[in-house]
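Heads up, the sequence shown is in UniProt numbering, so the first residue is 1 and it goes up one at a time. Since the structure comes first, as structure tokens, the remarks are kept for the end.
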Amino acid sequence: MVTNRMRRAIVLAIALVMMQGCSPKKSSEPFVFMLSDFMNAKVLPYDSPPQIIYWIDDHRFVTLEHYRDCNHGETFYNDTRAGIRKQLGRGDVENYQGRLINADPTGRNLAFPASAPPHLAHNDRGWAVELIYSTDGGKTFDLMEYMDHSSDPFEDSKGYAVFVTKSHLYVAKKWGDDDAYVVEYPMVSGIDLSKPYPTGITGDSFSTSKRPGVFSKLRTPSGQDRLTCDPSIKPTNPDAPLVP
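Structure below.
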């Protein structure tokens, strides 16, 4: 899963660099950080210490590691009780700016929306942005698109909220000052939300104005509802070579 995701991200990064009109850097030129180099690097060389950017509870959390800054690193899901450590992505999950509530009391269902680093060039059509989810407590993860035709995923993600319960995944997009459009996805074991649902399994959609307070009692056990990163923590080698 992660391999396919990173391949798509690399294609996107290369396209963005081409759109910016960048040409290959000569050895005599000063160092310039390139997103395509970052996405293509086999191993990120940065010596920054891991940061926990999202707590679910005292043993489940997301770390940002090998990062150049808060927008360019690798994210991992960790469950110290179950012995799980899974890479979620590179340069994506850490950039989600909306709300995120993982409130499934069973611990089976999880979701982590992705985004993109800020200040990227874009084309007129934009691109689709994915969400990473699990129905087995983080042992395996799959992908689905939650944001379509975004020309600026970093900014656009500020208008989203994602809620996970023991039976559903809800993706809410801000719609007006005090309303949101919500898509409800069924969370059953092994479901592929990118394909037609199995027989008897359905989803739904609604506006929050029609169901006032629908999410008011949902909480992440830790109380955290956004990803946070301390920008003052930096690597000592931010200009380390990125080797493909």
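Yeah, the Cβ is synthetic: ideal placement off N, Cα and C, and Gly gets one too.
Inset, instruction - Rank 77, 182, 135, 84 by C-alpha distance to the C-alpha of residue 93 and give the top, closest one. - result: Walking along the sequence shown from the start, residue 93 turns up at place 93. The residue with the shortest Cα to Cα distance from residue 93 is 77.
Legend entry - C-beta contact flag for residue 248 and residue 101 at 8 Å: Absent from the model: residue 248. The displayed extent of the chain is 1 to 244, so no value can be given.
Legend entry - Local Cβ density within 10 Å of residue 109, reported as buried at 16 or more and exposed below that: Against the sequence shown, residue 109 aligns to sequence position 109. So residue 109 counts as buried.
Legend entry - Beta-ladder partner(s) of residue 175, from DSSP: Sequence index remark: in the sequence shown, residue 175 carries index 175 (1-based). Per DSSP, residue 175 has no beta-bridge partner at all.
Legend entry - Neighbour flag for residue 244 against chain D, beta carbons, 8 Å: No chain D is present in this structure, which holds just one protein chain.
Inset, instruction - With DSSP as the reference, label residue 63 as helix, strand or coil. - result: Counting from one through the sequence shown, the residue named residue 63 turns up at place 63. Strand at residue 63.
Legend entry - Local conformation of residue 22 per DSSP, three classes: In the sequence shown, residue 22 corresponds to position 22, counting from 1. Caution applies to residue 22, whose pLDDT of 44 falls short of 50 and renders its modelled position unreliable; the value that the coordinates give is listed next. In the three-state scheme derived from DSSP, where H, G and I count as helix and E and B as strand, residue 22 is classed as coil.
Legend entry - Closest Cα partner of residue 175 within the set 166, 186, 185, 160: Locating residue 175 in the sequence shown gives position 175, counting from the first residue. Residue nearest to residue 175 within the set 166, 186, 185, 160 is 160 (criterion: CA-CA distance).
Inset, instruction - Rounded to whole angstroms, what's the CA-CA distance from residue 203 to residue 186? Just pull it up for me. - result: Reading the sequence shown from its first residue, position 203 is the one you call residue 203. Reading the sequence shown from its first residue, position 186 is the one you call residue 186. Distance between the alpha carbons of residue 203 and residue 186: 6 Å.
Legend entry - Reference residue 86, options 133, 126, 95, closest by Cα: Taking the sequence shown and counting its residues from 1, the one referred to as residue 86 is at position 86. Nearest of 133, 126, 95 to residue 86, Cα basis: 133.
Inset, instruction - Go to residue 36, then tell me how far its beta strand (DSSP E) extends in each direction, as first and last residue. - result: Your numbering for residue 36 matches position 36 in the sequence shown. Residue 36: not part of any beta strand (DSSP E); member of the alpha helix (DSSP H) spanning 35-40, first to last residue.
Legend entry - At least 3 beta-carbon pairs within less than 8 Å: the stretch 37-50 vs the stretch 198-212: In this structure the stretch 37-50 does not touch the stretch 198-212; the number of beta carbon pairs closer than 8 Å is below three.
Inset, instruction - Determine the contact status of residue 39 and residue 90, defining contact as a CB-CB distance below 8 Å. - result: On the sequence shown, residue 39 is found 39 positions in, with the first residue counted as 1. On the sequence shown, residue 90 is found 90 positions in, with the first residue counted as 1. Yes, these two residues count as a Cβ contact at 8 Å.
Legend entry - Whole beta strand (DSSP E) elements within the stretch 184-221, 3-residue minimum: 204-207, all fully within the stretch 184-221.
Legend entry - residue 245 (DSSP reduced to helix, strand or coil): A query on residue 245 cannot be resolved here, the shown segment of the chain reaching from 1 to 244 and no further.
Inset, instruction - Specify the secondary structure class of residue 251 as computed by DSSP and reduced to three states. - result: Outside the shown range of the chain, which is 1 to 244, sits residue 251, and nothing can be said about it.
Inset, instruction - For the beta strand (DSSP E) containing residue 148, list its first residue and its last residue. - result: One-based indexing of the sequence shown puts residue 148 at position 148. Unbroken beta strand (DSSP E) run through residue 148: 142-150.
Legend entry - Cα-Cα separation between residue 95 and residue 201, rounded to whole angstroms: Counting from 1 along the sequence shown, the entry for residue 95 is found at position 95. Counting from 1 along the sequence shown, the entry for residue 201 is found at position 201. If you take the alpha carbons of residue 95 and residue 201, they lie about 32 Å apart.
Legend entry - Option in 139, 79, 127, 152 with minimal Cα separation from residue 97: As a working note, residue 97 is residue 97 in the sequence shown. Per the C-alpha coordinates, the member of 139, 79, 127, 152 positioned closest to residue 97 is 152.
Inset, instruction - Can you give me the Cβ contacts of residue 50 inside the same chain, cut-off strictly under 6 Å, excluding the 5 residues immediately before and after it? - result: Position 50 of the sequence shown holds residue 50. Result list for residue 50: 63, 65, in chain order.
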